[in-house]
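Trainee: Pasting a structure here, questions to come.
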Amino acid sequence: MSDLLRAPAEIKYAEELDWLESVDDNPKPFSWRLSPKMVRLFVLGSERADGLDREISQKWFGDRSFVERAIVTLASDRGLLLIGDPGTGKSWLAELLSAAICRNSTLVVQGTAGTTEDHIKYSWNVSMVIAKGQSRESMIPSPIMTAMESGAIGRFEELTRSTSDVQDALISILSEKYISVPELDSDNIVFAKPGFSIIATANSRDRGVNDLSSALKRRFNFVRIPVVTNKKSEAEIVRFRTEELLRRHRIELDVPPTLLDVLLRSFADLRASAASAGSDDEKLESALSTAEQIGVLEDAILHGNFFGERALTAHTLASSLVGSLARREPEDLAILNKYLHGVVEPRSKEEGGAWPEFLEGGRDAIATLS
């Protein structure tokens, strides 16, 4: 695993999954590797009341009911659609569920404007077709078809980014649970095996790009993942993900609680400002998600480690925040400048601590970018 830039969940947590499978004596749907109870435990972590001989780490931070509804959906014959704002952990939850259920989270189709039916059905190895003609051997199955043949979970990221033709092709797969291959005279139907399902994700901000048809909506159970607003929960997510990133970079550094608090409060302030804004020009282009907080913190830590004193400072954190969130010029810079003068400056005078240095770092970053 050390030679992988980013190991999928089934490799990263292989030891935990092996152990859970060895002690799992609960009923399992279809070909699932773990029972629904153990899948939930793998995702949300163990508690003392579970009575296990070892602790299972929490990997996704959110409401238990969301995870339970997702698991129940995958045990039925319906697809699962995780929908929410950018950075709310939809893809991470889909990966964890796939890893726990079938030990393979890599059967993924990425939805874009260029995604075609071939990406969710099959294509052909041209050289083999020329040499031997069309056959099952010369066919290249899509990740979705591979999931069907193996009774596994297929994933479809950013479903609303794909065109209506692709979405219509998915309706047939979810309804009929097979794919026809009309180019072949025999052995021309690929049937789904028990355990096959699809987890799709959709960005709620993409509404209107390629809206889902009512027919496709009927074939999915929707689980809406909200933005994390609880400060304690968000701090746990940021700390958990940042520690993982630091281990990947082999950096030994603790994030001071005071600076984590500055980051969390800054994002909370900016979200409140965006919520009260009268127009899009008065809002940052950023979604201000938890994922973006993690990105800001990682950027600041790496900058301090490579070019600073191997420590995280409020000045570097502010510089990273401005650099990450200022995507439009001059609109975003004006919004951040207003925030620094209207909120951070008074707070630095009242509370002191890390806020004065954070204010200075923000001002310096804005001056550099202006």
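In numbering that gives the first Met the number 0, the protein residues as written are 0 to 369. Backbone N, C-alpha and C fix where the C-beta goes; we use that ideal spot for every residue, glycine too.
Which first and last residues belong to the alpha helix (DSSP H) in which Gln133 is found?
Mentor: Residue numbering aside, residue 133 sits at position 134 when the sequence shown is read from its first letter. Careful: Gln133 lies outside any alpha helix (DSSP H) and carries neither H nor E.
Trainee: Using the Cα positions of Gly207 and Glu116, report the straight-line distance between them to the nearest angstrom.
Mentor: Within the sequence shown, the letter at position 208 stands for residue 207. Within the sequence shown, the letter at position 117 stands for residue 116. Reliability fails at Gly207, whose pLDDT of 49 lies under 50, so the model's placement of it is uncertain and no value is given.
Trainee: Could you check which residue in Pro7, Asp363, Glu148 and Asp164 has the C-alpha nearest to that of Ser319?
Mentor: Counting from 1 along the sequence shown, the entry for residue 319 is found at position 320. Of Pro7, Asp363, Glu148 and Asp164, the residue nearest in Cα terms is Asp363.
Trainee: Could you tell me whether any Cβ in chain D is nearer than 8 Å to the Cβ of Leu320?
Mentor: Although the question refers to chain D, the structure presented lacks it and comprises just one protein chain.
Trainee: Beta-carbon within less than 7 Å of Ser90's beta-carbon, same chain only, minus the 5 sequence neighbours each way: which residues are those?
Mentor: Along the sequence shown, read from residue 1 onward, the residue named residue 90 stands at position 91. If we look at Ser90 and ignore the five residues flanking it on each side, its Cβ neighbours are Glu156 and Thr200.
Trainee: Please name the residue, chosen from Gly88, Asn336 and Asp52, that lies closest to Trp59 on a Cα-to-Cα basis.
Mentor: Translated into positions along the sequence shown, residue 59 becomes position 60. Among Gly88, Asn336 and Asp52, the Cα nearest to that of Trp59 belongs to Gly88.
Trainee: What is the rounded straight-line gap between the Cα of Pro26 and the Cα of Val261?
Mentor: For the purposes of this step, residue 26 is taken as residue 27 along the sequence shown, with counting starting at 1. For the purposes of this step, residue 261 is taken as residue 262 along the sequence shown, with counting starting at 1. Roughly 46 Å between the two C-alpha positions.
Trainee: Smallest Cα separation from Val408: which of Glu291, Thr111 and Trp18?
Mentor: The first residue shown for the chain is 0 and the last is 369, placing residue 408 beyond what the model contains.
Trainee: Only counting the same chain, and skipping five residues up and downstream in sequence, which positions put a Cβ closer than 7 Å to that of Gly86?
Mentor: What you label residue 86 is simply residue 87 of the sequence shown in a count that begins at 1. Closer than 7 Å at Cβ, skipping near neighbours: Ala286, Ser288, Thr289, Ala290 and Glu291.
Trainee: So, with DSSP's three-state summary, where would you put Thr200?
Mentor: Taking the sequence shown and counting its residues from 1, one reaches residue 200 at position 201. Here Thr200 sits in strand by DSSP.
Trainee: Take Ala8 and list the residues in its own chain whose beta-carbon comes closer than 6 Å to its own, dropping the five residues that flank it on each side.
Mentor: If you number the sequence shown from 1, residue 8 lands on position 9. Answer for Ala8: Glu94, Leu95, Ala98 and Ser104, listed in chain order.
Trainee: So Pro345 is in the alpha helix (DSSP H); what residue range does that whole segment cover?
Mentor: As a working mapping, residue 345 is identified with position 346 in the sequence shown. Here the alpha helix (DSSP H) through Pro345 covers Glu344 to Glu350.
Trainee: May I ask you to report which of helix, strand or coil DSSP gives Ser232?
Mentor: As a working mapping, residue 232 is identified with position 233 in the sequence shown. It is helical.
Trainee: In its own chain, which residues sit with a C-beta less than 7 Å from the C-beta of Glu233, not counting the 5 before and 5 after it?
Mentor: Taking the sequence shown and counting its residues from 1, the one referred to as residue 233 is at position 234. Same-chain partners within the cutoff: Val227, Leu263 and Thr289.
Trainee: Under DSSP, the beta strand (DSSP E) around Val107 begins and ends at which residues?
Mentor: Along the sequence shown, one-based indexing puts residue 107 at 108. Counting along the chain, the beta strand (DSSP E) containing Val107 begins and ends at Val107 to Gln109.
Trainee: Contact between the region 171 to 181 and the region 143 to 151: three or more CB pairs below 8 Å?
Mentor: Cβ pair count under 8 Å is three or more, so yes.
Trainee: What do you get for Phe65, buried or exposed, if any count of 16 or more other CB atoms within 10 angstroms of its CB means buried?
Mentor: Counting from one through the sequence shown, the residue named residue 65 turns up at place 66. Its Cβ being crowded by 16 or more others within 10 Å, Phe65 is buried.
Trainee: Could you say if the region 39 to 52 and the region 163 to 171 meet the contact criterion of at least three C-beta pairs nearer than 8 Å?
Mentor: The region 39 to 52 vs the region 163 to 171: no contact.
Trainee: My assumption, with CB atoms under 8 Å, is that Ile293 sits in contact with Val237. Please give the rounded CB distance.
Mentor: Your numbering for residue 293 matches position 294 in the sequence shown. Your numbering for residue 237 matches position 238 in the sequence shown. That belief holds up - the Cβ atoms of Ile293 and Val237 are roughly 6 Å apart, short of 8 Å.
Trainee: Since I believe Ala310 is in contact with Ala353 (beta carbons under 8 Å), could you give me their beta-carbon distance rounded to a whole number of angstroms?
Mentor: Within the sequence shown, the letter at position 354 stands for residue 353. Within the sequence shown, the letter at position 311 stands for residue 310. About 13 Å separates the two Cβ atoms, so there is no contact after all.
Trainee: Kindly list the residues whose CB is nearer than 8 Å to the CB of Asn187, restricted to its own chain and excluding five residues on each side of it in sequence; keep chain order.
Mentor: Counting from 1 along the sequence shown, the entry for residue 187 is found at position 188. Ser179, Val180 and Pro181.
Trainee: Taking the alpha helix (DSSP H) that Tyr338 belongs to, which residues open and close that run?
Mentor: Against the sequence shown, residue 338 aligns to sequence position 339. First-last of the alpha helix (DSSP H) with Tyr338: Glu330 to Tyr338.
Trainee: Please go through the region 21 to 68 and give each complete alpha helix (DSSP H) segment of 4 or more residues, from N-terminal end onward.
Mentor: Correct list: 35 to 43.
Trainee: Under DSSP, the beta strand (DSSP E) around Gly429 begins and ends at which residues?
Mentor: What the structure shows of the chain is the stretch from 0 to 369, and residue 429 is not part of that stretch, so it cannot be assessed.
Trainee: Going by alpha carbons, who is nearest to Ser365 out of Glu328, Arg32 and Glu349?
Mentor: Here the question's residue 365 lines up with position 366 in the sequence shown. Note on residue identity: the sequence assigns Ile, not Ser, to residue 365. Comparing Cα positions, the closest option is Glu328.
Trainee: Which one of Tyr12, Val125 and Asn202 has the shortest CA to CA distance from Gln57?
Mentor: Taking the sequence shown and counting its residues from 1, one reaches residue 57 at position 58. Ranking the options by Cα distance to Gln57, first place goes to Tyr12.
Trainee: Distance, Cα to Cα, Thr159 vs Asp52?
Mentor: Locating residue 159 in the sequence shown gives position 160, counting from the first residue. Locating residue 52 in the sequence shown gives position 53, counting from the first residue. The alpha-carbon atoms of Thr159 and Asp52 are separated by roughly 43 Å.
Trainee: By alpha-carbon positions, which one of Thr257, Thr241 and Glu330 ends up nearest to Leu283?
Mentor: On the sequence shown, position 284 is the one that residue 283 refers to. Residue Glu330 is the option with its Cα nearest to Leu283.
Trainee: Using DSSP with H/G/I as helix, E/B as strand and the rest coil, what is Phe190?
Mentor: The residue labelled residue 190 in the question sits at position 191 within the sequence shown. DSSP places Phe190 in strand when its eight states are reduced to three.
Trainee: For Asn304, which of helix, strand or coil comes out of DSSP?
Mentor: For this step, residue 304 is matched to residue 305 along the sequence shown. It is helical.
Trainee: By a C-beta neighbour count over all protein chains shown, 10 Å radius and 16 as the cutoff for buried, is Thr315 buried or exposed?
Mentor: Within the sequence shown, numbered from 1, the residue matching residue 315 stands at position 316. Its Cβ being crowded by 16 or more others within 10 Å, Thr315 is buried.
Trainee: Does the Cβ-Cβ distance between Ala299 and Phe357 come in under 8 Å?
Mentor: Here residue 299 corresponds to residue number 300 of the sequence shown, with the count starting at 1. Here residue 357 corresponds to residue number 358 of the sequence shown, with the count starting at 1. In this structure, Phe357 does not lie closer than 8 Å to Ala299 by Cβ.
Trainee: So, for Gly303: in the same chain, excluding its five sequence neighbours on each side, which residues have a beta-carbon less than 7 Å away from its beta-carbon?
Mentor: As a first step, residue 303 is located in the sequence shown; it is residue number 304 there, counting from the start. Hits under 7 Å: Arg309, Ala310, Leu311, Thr312 and Thr315.
Trainee: Among the candidates Thr257, Ile334 and Ser323, whose CA atom is the shortest distance from the CA of Gly277?
Mentor: Here residue 277 refers to the residue found at position 278 of the sequence shown. Ranking Thr257, Ile334 and Ser323 by Cα distance to Gly277 puts Ile334 first.
Trainee: According to DSSP, Arg223 sits in a beta bridge with which residue or residues?
Mentor: If you number the sequence shown from 1, residue 223 lands on position 224. Bridge partners of Arg223: Ile82.
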